[in-house]
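Here the structure is laid out as structure tokens; the discussion comes afterwards.
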Amino acid sequence: MVQETSRDVGPVVLLGPPGAGKGTQAKRIMERYGIPQVSTGDLLRENVAQGTELGLAAKAVMARGELVSDDLVCNMVRERLMKPDSKRGYILDGFPRTAAQAGWLDALLEHELFDNSRPTRAWPIVIRLDVDYNLLLLRITGRRSCPSCGRIYNVHFQPPRIDEVCDVTGEKLVTRNDDRLEVIQPRLKAYQEQTRPVADYYQRTGRLISVNGDLPVDAVTEQIFRILEDHHA
Ligand code: AP5
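This note's numbering numbers the first residue of the sequence shown as 101 and each following residue consecutively.
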């Protein structure tokens, strides 16, 4: 894949229920446009693994499939976006997820519109991946990832060459703690109750672009790249 780094992109917001393919597509946008993937789920899991104060506060909430408090998540995102690699743009994967987070992001971006030192002064391109419920369940229960390189696989759709082993690092693949059956329903419920209104808000304000996320990974990527190219044209 040829990387396009000559221009600013986004910010790009990827919305969609658990297992929709946000992380998979964010990595492809990152490779294509050289902008970082800011995944609040990954950042929280890193904090849990490192046993930070934030990780300790988030651990039990995540294990129940509920959402971590808006304050903690927004502060974490603010810190991440201050890193210099987000200057040309960034992909928000799994954020915003509540009305309060969407309001916080709008305020942040509005502030940047008046800050000439920040080149990424634009409203986000909001892309929602729509996926059939039964496919979501297969994607979540079949997901495996590499503990060292983070590459995502799926035993049904993108299996590794050798069962349960990462193609790149040779490490044994792991299942996410919250991909257990009993946690999937609360995660889907949190999406319906707290994140759907965020998508509705972006739709009402004419900023939501829906993509057919049922299609194979390459076909979804193609739709997203087209949107990002059209947005720039
Ligand atoms: P997070 O990590 O964000 O999880 P999620 O939103 O539930 O999304 P997933 O990571 O499950 O799915 P995905 O859409 O990225 O799909 P993926 O590409 O992996 O959040 C985890 C927790 O952290 C939350 O429950 C909450 O507690 C907390 N949290 C995070 N953000 C927060 C926030 N903003 N506020 C408060 N709390 C927050 O794909 C899934 C599988 O399908 C993979 O196996 C993949 O290989 C496969 N696949 C992907 N695309 C396709 C395709 N097109 N065809 C076939 N298979 C596919």
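All residues carry an ideal CB built from backbone N, CA and C; glycine is no exception. Since the structure is predicted, the reported quantities are computational estimates derived from the model, not experimental observations.
Taking Pro286 as the centre and dropping the five residues before and after it, the same chain places the C-beta of Arg164, Gly165, Glu166 closer than 8 Å to its C-beta, in chain order.
Excluding residues up to 5 positions away in sequence, Leu192, Pro224, Val226 lie with their Cβ nearer than 6 Å to the Cβ of Val113 in the same chain.
According to DSSP, Gln150 shares a beta bridge with no other residue. Listed in chain order, the non-local C-beta contacts of Ile327 below 8 Å within the same chain comprise Ile225, Ile227, Ile309, Val311, local neighbours out to five positions each way being set aside.
By the Cβ criterion, the segment 314-321 is in contact with the segment 124-134, since at least three pairs of Cβ atoms, one from each stretch, lie closer than 8 Å. Under the DSSP assignment, Arg296 falls in the alpha helix (DSSP H) whose first and last residues are 296-304. Within the segment 237-307, the complete beta strand (DSSP E) segments of 3 residues or longer fall at 243-245, 252-254, listed in chain order.
The DSSP assignment places complete beta strand (DSSP E) segments of no fewer than 3 residues inside the segment 119-202 at 137-139, 191-193, in order along the chain. For the set Val317, Asp206, Pro247, the Cα lying nearest the Cα of Gln258 is the one of Val317. Relative to Asp170, the option among Arg243, Ala199, Gln103 whose CA is nearest is Ala199.
Residue Pro111 holds the alpha-carbon nearest to the alpha-carbon of Gly189 among Arg180, Leu281, Pro111. Sequence-distant Cβ neighbours of Lys272 in its own chain, meaning closer than 7 Å and more than five residues away, are Glu264, Val265.
Leu209 and Leu237 have their alpha carbons spaced roughly 34 Å apart. Of the heavy atoms belonging to the ligand AP5, at least one sits nearer than 7 Å to the Cβ of Phe257. Between Thr140 and Met176, the CB-CB gap stays under 8 Å. Of the heavy atoms belonging to the ligand AP5, none sits nearer than 7 Å to the Cβ of Tyr233.
Under the DSSP assignment, Arg107 falls outside any beta strand (DSSP E); it carries neither an H nor an E label.
In the three-state DSSP reduction, Asp318 falls in the helix class (H, G or I). Your pair Leu315 and Pro118 does not check out as a contact, with CB atoms roughly 18 Å apart and the cut at 8 Å. In this chain, the beta strand (DSSP E) harbouring Val226 covers 225-230. Partner residues in the beta bridge of Asn312, as assigned by DSSP, are Asp230. Here the distance from the Cβ of Met162 to the nearest heavy atom of the ligand AP5 is below 7 Å. The beta-carbon distance between Val161 and Gly155, rounded to whole angstroms, is 11 Å. This is too long to meet the 8 Å contact definition.
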